[in-house]
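Counting in our numbering, the sequence shown tops out at residue 257, every number present. Reviewing the structure listed below.
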Amino acid sequence: MDWLEPRRYAAELEAETDRLAGAVGRLSPAAVVPTCPEWTVRDLVAHVGTGHRYATGVIERAATAPVPFEALPAPEDPGDWPGWLAAGARGLVEAVGKHGFDNPVWTFIPAHPIAGFWLRRMVHDEIIHRFDADPAGDLAADLAADGIADLLTVFATMAGPAARGPRLRELTGAGETLLLRATDTGGRWLVTLHSGGMRWEEAEAPADVVCQGPVLDLLLVLNRRRLPDDARVHGDRPLLDHWLDLIRF
9 MDWLEPRRYA
19 AELEAETDRL
29 AGAVGRLSPA
39 AVVPTCPEWT
49 VRDLVAHVGT
59 GHRYATGVIE
69 RAATAPVPFE
79 ALPAPEDPGD
89 WPGWLAAGAR
99 GLVEAVGKHG
109 FDNPVWTFIP
119 AHPIAGFWLR
129 RMVHDEIIHR
139 FDADPAGDLA
149 ADLAADGIAD
159 LLTVFATMAG
169 PAARGPRLRE
179 LTGAGETLLL
189 RATDTGGRWL
199 VTLHSGGMRW
209 EEAEAPADVV
219 CQGPVLDLLL
229 VLNRRRLPDD
239 ARVHGDRPLL
249 DHWLDLIRF
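Following this line, the structure appears as structure tokens:
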């Protein structure tokens, strides 16, 4: 599918930041995040705010090579979190607006070396972390579909025998296929594992395993925030579970 309009990503990043700030404001800063048990709520806020600022830095310096990553702490006072998060999101939106959505910069996805990649990636990262803080939330169907495409693109680009991490090196196969079928929108994503890694396309075809459900459920399943219901999985369930375990950020 085509990407959404640049102004949509800009608006969604700021809106998601507001939603996240509201959700974490209802939680204890020291509470463990159930879907990220190695994190507290404070850690979650720090991760999101750091991501905003890292992406902004890459764009502002027009980086052509990887930029060292430095994790930043969240403000000590949780009352300062909304402003800190909003400032980070606004800074990223402004950087993309100033330099241009299609302005060349380094990204970890060679196929998309543009500033807009960082805006899109941060939108979808923040969406998932907003669900970490508010599992009962909702999301527009087209944004959920775009999130699926974003995730599949990231892992298809990074997977293969020469990949940097062991999970990504294992993300290969011998022609096994997985079909994701959105029952509410008609979206279809066909994934094929091959000796060189993984590829995907928007198509429907017979597959070794089919996982179906509303598009938001599929997005959350892919991000390990929701377990696939047995009734919605048809075919080789161990293949699906193994693949899901490999496509973790």
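Glycine included, every Cβ here is placed at the ideal spot set by N, Cα and C.
Member of the options whose CA lies at the smallest distance from the CA of residue i
i	options	result
residue 85	117, 49, 111 and 109	49
residue 104	91, 17, 161 and 34	17
residue 253	151, 222 and 174	174
residue 14	229, 37, 124 and 112	124
residue 212	61, 141, 228 and 186	186
residue 148	113, 44 and 225	225
residue 202	45, 121, 180 and 92	180
residue 60	73, 196 and 130	130
residue 65	106, 41 and 43	106
residue 251	170, 113, 160 and 39	160
residue 222	102, 164 and 156	156
For residue i: DSSP bridge partner residues
i	result
residue 122	112
residue 218	187 and 242
residue 206	201
residue 75	Paired residue(s): none; residue 75 is not in a bridge.
residue 41	44
Counted within 10 angstroms of its Cβ, other Cβ atoms place residue i as buried (16 or more) or exposed
i	result
residue 235	exposed
residue 189	buried
residue 153	buried
residue 31	buried
residue 140	buried
Residue i - DSSP class collapsed to helix/strand/coil
i	result
residue 196	strand
residue 131	helix
residue 56	helix
residue 162	helix
residue 35	coil
Where the beta strand (DSSP E) through residue i begins and ends
i	result
residue 47	44-48
Cβ-heavy atom distance, residue i to the ligand GDP, below 7 Å
i	result
residue 102	Annotation note on the ligand GDP: not contained in the displayed structure, which lists no ligands.
Continuous alpha helix (DSSP H) stretch holding residue i: start and end
i	result
residue 11	Element bounds for residue 11: n/a, residue is neither H nor E.
residue 179	Segment: none, residue 179 is in no alpha helix (DSSP H) and carries neither H nor E.
residue 237	Neither: residue 237 is in no alpha helix (DSSP H) and is coded neither H nor E.
residue 90	89-107
residue 147	Residue 147 -> no alpha helix (DSSP H), and no H or E assigned at all.
residue 225	223-230
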